[in-house]
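If you read the sequence shown in the working numbering, its first letter stands for residue 1, the second for the next number, and so on.
Glycine included, C-beta positions come from ideal geometry on N, C-alpha and C.
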Amino acid sequence: MLALTGLLFTPAASGAGKNDTYPDKPIQLVVGYGAGGGTDMCFRALAQGAAEKLGQSIVVENKPGAGSSLSISYIARQKPDGYTLAALSTGAVLNQFLVKNISYDVGKDLTPIAMMAQYQVGVLVRADSPYHNVADLIAAAKKKSMTYSTAGVGTPQHLAMEKLGGITGGQWIHTPYKSGIEASTGLMRGDVDFMTQTAEWAPYVRDKRLRLLAVFTNKRIDEFNQAPTMQEAGFDIVAPSIFGLVGPKGMDPAIVRKLDDAFHHAMSTSTFKNCANQFGLMIDYRNASDFARHIDNTAVQWGPAAAELKK
């Protein structure tokens with residue numbers, strides 16, 4: 001059953017936006033993941049900052065399910081008037097290749113507005129694990145089958161790990177969970193041998209319950225710079241990553257620019273920066289046209305890998 005929660009962000013009474021025709025009523029922002037996770041919390045932080053800039057309230061609603069595809073299916077059916085927006089993540093883009101009869105086409109049914117960040121995917125083990133680097137892990141996985149957790153089938157971390165297995169011959173079995181927090185808990189409980197996940201793991205590395213072996217990013221994570229990139233470890237794999245804002249197709253370019261400006265402003269707030277740091281997001285702003293190209297490139301580069309999982 002579809003979950004739905006809401007949170008209203010109301011700007012301070014500063015008079016901002018009084019002379020504009022848009023927005024003249026609250027804006028709905030749909031997030032395709034449950035409340036409390038990194039995507040949800042950081043989009044709430046962005047909504048707060050954008051509401052202050054726009055002079056209008058933003059209602060954040062959670063519509064989790066199917067790797068955030070339910071939220072994108074919903075937004076694709078709405079009027080393109082700028083009053084219904086959605087968070088777009090990598091899973092919703094790649095599910096087009098993975099899920100049969102999906103009800104949207106990202107390239108045709110959506111208006112990209114802005115990208116704000118990228119997820120930082122890491123490979124982790126428990127702190128008491130005998131594996132201290134990726135080479136250790138791969139060597140062990142060539143001798144015996146291992147298990148690993150992620151936040152779901154077809155997620156960037158799942159695709160990246162399967163690609164690594166294909167390159168190295170490592171034998172590992174995917175154990176999908178419903179969220180990154182659950183995937184982390186499963187690892188700490190001993191249900192799996194290791195985890196590949198976006199940086200909701202950061203608090204557990206900070207308190208030394210988990211060990212970060214490597215990251216599927218194009219540069220090391222500043223806070224955890226002891227962990228090399230997969231490229232440094234000898235494997236040219238960078239996990240696909242999208243954290244951005246979209247609306248239905250056919251939005252007025254002037255409204256897109258205004259939303260872009262508001263959410264770009266929100267990225268500069270301490271609330272969002274603190275959230276990004278807490279959940280390990282790498283801040284990466286791209287305007288509408290650059291965001292559209294990033295979506296297309298992600299689909300081209302990783303769509304075939306997602307399609308393979310369907311076979």
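Between the alpha carbons of residue i and residue j, how many angstroms are there, rounded?
{"i": "aspartate 128", "j": "alanine 227", "result": "17 angstroms"}
{"i": "glutamine 301", "j": "alanine 292", "result": "14 angstroms"}
{"i": "threonine 372", "j": "alanine 307", "result": "The shown model of the chain, from 1 to 311, leaves out residue 372, and the question about it has no answer."}
{"i": "valine 134", "j": "alanine 140", "result": "10 angstroms"}
{"i": "alanine 305", "j": "leucine 94", "result": "9 angstroms"}
{"i": "isoleucine 173", "j": "threonine 39", "result": "26 angstroms"}
{"i": "alanine 160", "j": "valine 238", "result": "7 angstroms"}
{"i": "serine 71", "j": "phenylalanine 97", "result": "17 angstroms"}
{"i": "methionine 1", "j": "alanine 233", "result": "Model confidence at methionine 1 stands at a pLDDT of 30, short of 50, so the residue's coordinates are unreliable; what they give is reported in the following sentence. For methionine 1 and alanine 233, the distance between alpha carbons rounds to 42 angstroms."}
{"i": "valine 59", "j": "glycine 32", "result": "14 angstroms"}
{"i": "arginine 206", "j": "glycine 36", "result": "19 angstroms"}
{"i": "lysine 208", "j": "aspartate 260", "result": "38 angstroms"}
{"i": "valine 106", "j": "aspartate 24", "result": "28 angstroms"}
{"i": "methionine 188", "j": "alanine 86", "result": "32 angstroms"}
{"i": "proline 156", "j": "valine 99", "result": "15 angstroms"}
{"i": "threonine 229", "j": "lysine 108", "result": "34 angstroms"}
{"i": "aspartate 191", "j": "asparagine 101", "result": "33 angstroms"}
{"i": "arginine 286", "j": "lysine 144", "result": "43 angstroms"}
{"i": "aspartate 290", "j": "aspartate 296", "result": "10 angstroms"}
{"i": "glycine 34", "j": "proline 64", "result": "5 angstroms"}
{"i": "glutamate 162", "j": "lysine 142", "result": "14 angstroms"}
{"i": "glycine 15", "j": "glycine 55", "result": "Confidence at glycine 15 is low in this model, with a pLDDT of 41, below 50, so the placement of that residue is unreliable and no value is reported for it."}
{"i": "valine 215", "j": "leucine 309", "result": "22 angstroms"}
{"i": "glycine 303", "j": "proline 240", "result": "10 angstroms"}
{"i": "glycine 152", "j": "proline 253", "result": "35 angstroms"}
{"i": "tyrosine 204", "j": "lysine 219", "result": "21 angstroms"}
{"i": "glutamine 231", "j": "alanine 50", "result": "36 angstroms"}
{"i": "tyrosine 177", "j": "histidine 132", "result": "24 angstroms"}
{"i": "histidine 158", "j": "threonine 84", "result": "30 angstroms"}
If we define contact as Cβ-Cβ less than 8 angstroms, is residue i a contact residue for chain B?
{"i": "threonine 90", "result": "No chain B appears in the structure shown, which is made up of a single protein chain."}
Is it the case that the Cβ atoms of residue i and residue j are separated by a distance below 8 angstroms?
{"i": "proline 112", "j": "alanine 288", "result": "yes"}
{"i": "isoleucine 221", "j": "glycine 169", "result": "no"}
{"i": "threonine 90", "j": "threonine 298", "result": "yes"}
{"i": "glycine 154", "j": "glycine 67", "result": "yes"}
{"i": "methionine 146", "j": "glutamine 120", "result": "no"}
{"i": "phenylalanine 235", "j": "isoleucine 283", "result": "no"}
{"i": "glutamine 48", "j": "threonine 271", "result": "yes"}
{"i": "leucine 110", "j": "alanine 76", "result": "yes"}
{"i": "serine 69", "j": "alanine 92", "result": "yes"}
{"i": "lysine 258", "j": "tyrosine 22", "result": "yes"}
{"i": "isoleucine 242", "j": "histidine 294", "result": "yes"}
{"i": "leucine 164", "j": "leucine 213", "result": "no"}
Out of the options, which has the shortest C-alpha to C-alpha gap to residue i?
{"i": "tyrosine 148", "options": "Gly303, Thr185, Met230", "result": "Thr185"}
{"i": "asparagine 277", "options": "Ala45, Lys53, Thr84, Ser69", "result": "Ala45"}
{"i": "glycine 244", "options": "Asp109, Leu88, Asp284", "result": "Leu88"}
{"i": "phenylalanine 263", "options": "Gly36, Lys53, Gly37", "result": "Lys53"}
{"i": "asparagine 274", "options": "Val59, Cys42, Gly32", "result": "Cys42"}
{"i": "lysine 130", "options": "Arg211, Leu309, Tyr104, Pro64", "result": "First, the residue type needs correcting, since residue 130 is proline and not lysine in the sequence shown. Comparing Cα-Cα distances from proline 130 to each of Arg211, Leu309, Tyr104, Pro64, the minimum goes to Arg211."}
{"i": "glutamate 200", "options": "Gly190, Ala183, Thr229", "result": "Ala183"}
{"i": "asparagine 62", "options": "Tyr74, Gly55, Ala51", "result": "Tyr74"}
{"i": "alanine 202", "options": "Phe224, Ile102, Lys219", "result": "Phe224"}
Using 8 angstroms as the cut-off, can you tell me whether the stretch 123-132 makes contact with the stretch 185-197, which would need three or more C-beta pairs spanning the two stretches below that distance?
yes
Would you say the stretch 246-256 touches the stretch 63-80, given that touching needs at least three Cβ pairs under 8 angstroms?
yes
Tell me the start and end of each unbroken alpha helix (DSSP H) in the stretch 192-275 that is at least 4 residues and wholly inside, in chain order.
202-206, 253-267
Whole beta strand (DSSP E) elements within the stretch 75-119, 3-residue minimum
84-89, 110-118
Would you call the stretch 102-117 and the stretch 260-276 touching, i.e. three or more CB-CB distances under 8 angstroms?
Yes: at least three Cβ pairs fall under 8 angstroms.
Unbroken alpha helix (DSSP H) runs of length 4 or more, entirely within the stretch 154-197: which are they?
156-168, 180-189
Contained beta strand (DSSP E) runs [length at least 3] in the stretch 269-310, N- to C-terminal order:
282-286
Entirely enclosed alpha helix (DSSP H) segments - the stretch 33-79, minimum 4 residues:
38-54, 69-76
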